[in-house]
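At position 325 of the sequence shown the residue is numbered 350 (the numbering used here), and the sequence of numbers has no breaks.
We put the CB at the ideal spot given by N, CA and C, even for glycine.
No experiment lies behind these values; they were computed from the predicted model shown.
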Amino acid sequence: MKRERILWTLVLFAVVVTSVTVSRGVPGGSRDDDFSFVRTLIDIQRQVSNNYVEETDPAQLRQAAITGLLHELDPFTVYVPPSRQEDFDRMLEGSFKGIGVQLNQLENGAIEVVTPVDGSPAFKAGVMAGDLILKINGETVEGQRLSDAVKKLAGPLGSEIKLQVRRTTGEILELIMTREEVIVPTARGWGRDEENQWDWFIGDDPKIAYLRLTQFTPDSYEAVKTSVETMLKQGMQGMIMDLRFNPGGRLDQAIKITDLFVDSGTILSTRGRYRAEQVVKATTEITLPRFPMIVLINENSASASEVVAGSLKDNKRAIVIGTRSYGKGSVQEVVPLEQDSGELKMTVAYYYLPSGRLVHRKKDATDWGVEPNITVRLDEESQLGLQRQRYEAELFRRPTTAPTTGTAASATPEPPLDAQLQRAVDTMTALLVLGSENAPPRDQ
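Written as structure tokens, this is what we have:
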């Protein structure tokens with residue numbers, strides 16, 4: 026009976042993939058080829074079940090068959106079994122159970138930390154962007170797929186987990202953390218005021234606002250819109266949007282956020298192998314008043330954050346400062362499988378900026394991501410320092426020292442810890458002092 030359940034599960038998965046493909050008008054190969062593949066798969070499974078030297082686990086065989094099918098594709102196309110659907114869906118909604126870390130699998134198979142989620146157990150334990158995960162609870166991850174590593178990171182709330190990581194410097198560390206419910210706030214200001222509300226301003230003369238987006242979740246657009254409207258009411262003259270260490274998220278939110286600042290022209294386009302090009306245009310209905318903008322990015326700005334930065338740059342709506350972005354420009358769809366057999370997260374297209382630039386970093390690519398207008402690099406120590414500075418300023422009521430604008434009240438400012446942000450402040454000050462067509466009129 027177990028054997029027949031395995032056979033029908035595998036048949037079901039193959040048929041579902043085929044039906045999804047056909048229903049969307051994609052050439053999925055001949056029906057004879059499809060059933061020939063399924064018959065071969067069933068025959069192999071039957072031989073293993075009846076004749077393999079040791080007893081096999083039906084669930085593991087089932088998972089291995091699906092994993093093998095998807096292994097030839099990119100790391101972002103994965104099967105999500107029913108046991109992981111809840112956590113996967115919660116992550117898409119901006120909250121999840123675990124340690125809070127964004128991962129990527131490199132071409133050589135290594136599991137790389139794209140970025141820890143701000144304020145998460147991983148962040149507080151000292152996990153850094155660029156770390157390579159070597160072991161999880163003492164078990165090596167070498168040779169495993171990304172989905173296998175993610176599964177090992179999962180566990181009950183309150184349980185302890187130990188990671189062995191290798192820094193970009195070669196240093197190997199053992200980091201211990203406790204799994205918890207990770208809620209990801211998306212829009213954050215420069216610091217907290219006495220009432221623990223966001224203080225949006227990094228400088229008072231001129232009045233420069235600071236907005237940091239940590240991820241793109243279903244409420245990001247509303248959070249950004251409300252925040253910027255508050256800044257405008259408080260006399261904002263220019264704004265710095267910080268997208269560094271932002272791993273991306275919901276593409277629809279990135280499009281709507283870009284549309285807040287761009288009143289005409291193309292926001293982005295998407296194209297797939299069997300999908301007609303879709304061009305997203307800006308609208309005027311939700312566009313906010315025009316003001317000078319600077320966007321900060323770095324090598325850990327990925328996916329939706331690259332859409333916002335690249336589109337604002339191409340539309341000449343903002344100056345981009347920092348380092349070239351990560352290069353994750355693919356569109357994934359989550360396809361529910363029949364009979365409650367899980368979900369398939371599948372890459373279906375790439376997206377392109379208004380200039381026609383492909384953001385996605387393909388194998389052996391030399392040109393990818395978003396190139397800043399002004400390049401400012403930070404070493405690993407500075408990056409760790411700025412992450413901790415932001416964490417403390419955002420989550421605790423501690424005094425913060427903003428980068429100097431040349432007109433700030435502080436007479437003896439400390440040397441800036443964050444050279445990228447300092448360059449943004451200096452550039453914005455120059456725009457406002459020297460005048461800009463985008464600057465709102467000032468009181469006379």
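field: proline 397 (DSSP reduced to helix, strand or coil)
entry: Taking the sequence shown and counting its residues from 1, one reaches residue 397 at position 372. Coil.
message: Going by DSSP in three states, serine 294 sits in which element: helix, strand or coil?
response: Numbered from its first residue, the sequence shown carries residue 294 at position 269. Reduced to three states, the DSSP call for serine 294 is strand.
task: Rank Thr92, Arg269, Asp443, Thr295 by C-alpha distance to the C-alpha of proline 141 and give the top, closest one.
output: Locating residue 141 in the sequence shown gives position 116, where the first residue counts as 1. The candidate whose alpha carbon is nearest that of proline 141 is Arg269.
query: Expressed to the nearest angstrom, what Euclidean distance is found between the alpha-carbon atoms of arginine 170 and glutamine 127?
result: Start at 1 with the first residue of the sequence shown, and residue 170 comes out as number 145. Start at 1 with the first residue of the sequence shown, and residue 127 comes out as number 102. Approximately 15 Å between the Cα atoms of the pair.
message: Assuming contact is defined by CB atoms lying nearer than 7 Å, are glycine 260 and lysine 232 in contact in what I supplied?
response: Locating residue 260 in the sequence shown gives position 235, counting from the first residue. Locating residue 232 in the sequence shown gives position 207, counting from the first residue. Yes.
message: Please classify glutamine 262 as buried or exposed, where buried requires at least 16 other C-beta atoms within 10 Å of its C-beta.
response: One-based indexing of the sequence shown puts residue 262 at position 237. The residue is buried, with at least 16 neighbouring Cβ atoms inside 10 Å.
query: Measuring CB to CB, does lysine 353 end up less than 7 Å from alanine 327?
result: Reading the sequence shown from its first residue, position 328 is the one you call residue 353. Reading the sequence shown from its first residue, position 302 is the one you call residue 327. Taking 7 Å as the Cβ cut-off, lysine 353 and alanine 327 qualify as a contacting pair.
query: Got a sec? Which residues, its chain only, sit under 7 Å from valine 304 by beta carbon, not counting five neighbours each side?
result: For the purposes of this step, residue 304 is taken as the residue at position 279 of the sequence shown. Counting only Cβ-Cβ distances below 7 Å, and skipping sequence neighbours, we find Thr291, Ser294.
query: Buried or exposed: where does tyrosine 77 fall if 16 or more other Cβ atoms within 10 Å of its Cβ makes it buried?
result: As a position in the sequence shown, residue 77 is number 52, starting the count at 1. Looking at its Cβ environment, which holds fewer than 16 other Cβ atoms inside 10 Å, tyrosine 77 is exposed.
- prompt: Touch check for the stretch 448-462 and the stretch 337-353: three-plus C-beta pairs under 8 Å?
  reply: By the C-beta criterion, the stretch 448-462 is judged to be in contact with the stretch 337-353, since at least 3 inter-stretch pairs fall below 8 Å.
query: Which residue's Cα is closest to the Cα of valine 373: Leu403, Ser336, Glu302, Phe60?
result: In the sequence shown, residue 373 corresponds to position 348, counting from 1. The shortest C-alpha separation from valine 373 is found at Glu302.
field: N-terminal and C-terminal residue of the beta strand (DSSP E) that isoleucine 311 is part of
entry: Residue mapping note: residue 311 aligns to position 286 of the sequence shown, counting from 1. Unbroken run through isoleucine 311: none, as it is neither H nor E.
- prompt: asparagine 325: which of Gly367, Leu178, Pro314, Asn129 sits nearest, CA to CA?
  reply: As a first step, residue 325 must be located in the sequence shown, where it is residue number 300. Ranking the options by Cα distance to asparagine 325, first place goes to Asn129.
message: Among the candidates Ala212, Ala449, Val287, Tyr376, whose CA atom is the shortest distance from the CA of arginine 300?
response: Taking the sequence shown and counting its residues from 1, the one referred to as residue 300 is at position 275. Distance check between arginine 300 and each of Ala212, Ala449, Val287, Tyr376 places Tyr376 closest, using alpha-carbon atoms only.
query: In its own chain, which residues sit with a C-beta less than 8 Å from the C-beta of aspartate 99, not counting the 5 before and 5 after it?
result: As a working mapping, residue 99 is identified with position 74 in the sequence shown. Taken in chain order, the residues that qualify are Ser355, Thr372.
message: Can you tell me whether proline 100 is helix, strand or coil according to DSSP?
response: The residue given as residue 100 occupies position 75 in the sequence shown. Note: proline 100 maps to coil in three-state DSSP.
Cβ shell of leucine 18 (< 7 Å), same chain only, five flanking positions each side left out: Shown here, the chain extends from 26 to 469; a query on residue 18 therefore has no answer.
message: Helix, strand or coil, according to DSSP, for phenylalanine 62 in the structure here?
response: Taking the sequence shown and counting its residues from 1, the one referred to as residue 62 is at position 37. In this structure, DSSP gives phenylalanine 62 a helical state, which the three-state scheme calls helix.
- request: Output the boundary residues of the alpha helix (DSSP H) element that contains isoleucine 280.
  value: For the purposes of this step, residue 280 is taken as the residue at position 255 of the sequence shown. Note, isoleucine 280: alpha helix (DSSP H), 276-286.
message: Would isoleucine 161 and isoleucine 136 be called neighbours here (beta carbons separated by less than 7 Å)?
response: Here residue 161 corresponds to residue number 136 of the sequence shown, with the count starting at 1. Here residue 136 corresponds to residue number 111 of the sequence shown, with the count starting at 1. Contact: no.
- request: Using only alpha-carbon positions, find the residue among Gln445, Val401, Val190, Pro397 that is nearest to glutamate 331.
  value: One-based indexing of the sequence shown puts residue 331 at position 306. That would be Pro397, whose Cα lies nearest to the Cα of glutamate 331.
- prompt: In whole angstroms, what separates the C-alpha of aspartate 443 from that of serine 74?
  reply: Reading the sequence shown from its first residue, position 418 is the one you call residue 443. Reading the sequence shown from its first residue, position 49 is the one you call residue 74. Rounded to whole angstroms, aspartate 443 to serine 74 spans 59 Å at the Cα level.
message: Quick check on glycine 460: buried or exposed, where buried means 16 or more other Cβ atoms within 10 Å of its Cβ?
response: Numbered from its first residue, the sequence shown carries residue 460 at position 435. Classification of glycine 460: exposed, given that the 10 Å Cβ count is below 16.
field: Distance, glutamine 357 Cα to lysine 370 Cα
entry: Taking the first residue of the sequence shown as position 1, residue 370 is located at position 345. Taking the first residue of the sequence shown as position 1, residue 357 is located at position 332. Between lysine 370 and glutamine 357, the C-alpha separation is close to 6 Å.
field: Element boundaries [beta strand (DSSP E), containing methionine 2]
entry: With the chain covering 26 to 469 only, the question about residue 2 has no answer from this structure.
message: At the level of alpha carbons, what is the spacing between tryptophan 215 and leucine 409?
response: Start at 1 with the first residue of the sequence shown, and residue 215 comes out as number 190. Start at 1 with the first residue of the sequence shown, and residue 409 comes out as number 384. Distance between the alpha carbons of tryptophan 215 and leucine 409 is about 17 Å.
message: I need the boundaries of the beta strand (DSSP E) containing threonine 251, first residue and last residue.
response: Along the sequence shown, one-based indexing puts residue 251 at 226. No beta strand (DSSP E) holds threonine 251; the alpha helix (DSSP H) holding it covers 245-258.
Anticipated Cβ contact below 8 Å, proline 106 with glutamine 88, distance rounded: Position 81 of the sequence shown, counted from the start, is the residue given in the question as residue 106. Position 63 of the sequence shown, counted from the start, is the residue given in the question as residue 88. Sure, about 7 Å apart at Cβ, within 8 Å.
field: Rounded straight-line distance, which links the Cα of valine 152 to that of arginine 192
entry: Taking the sequence shown and counting its residues from 1, the one referred to as residue 192 is at position 167. Taking the sequence shown and counting its residues from 1, the one referred to as residue 152 is at position 127. If you take the alpha carbons of arginine 192 and valine 152, they lie about 9 Å apart.
query: What residue from Asn323, Gln72, Ala147 has the CA that sits closest to glutamate 199's CA?
result: On the sequence shown, position 174 is the one that residue 199 refers to. Selected option, being the one with the closest Cα: Ala147.
query: Quick one, are the C-beta atoms of aspartate 156 and valine 138 less than 7 Å apart?
result: Reading the sequence shown from its first residue, position 131 is the one you call residue 156. Reading the sequence shown from its first residue, position 113 is the one you call residue 138. Yes. Within cutoff.
Own chain partners of lysine 177 with C-beta closer than 6 Å, once the 5 adjacent residues on each side are dropped: Walking along the sequence shown from the start, residue 177 turns up at place 152. Shown here for lysine 177: same chain residues with a beta carbon closer than 6 Å to its own, the five before and five after excluded, namely Ile161 in chain order.
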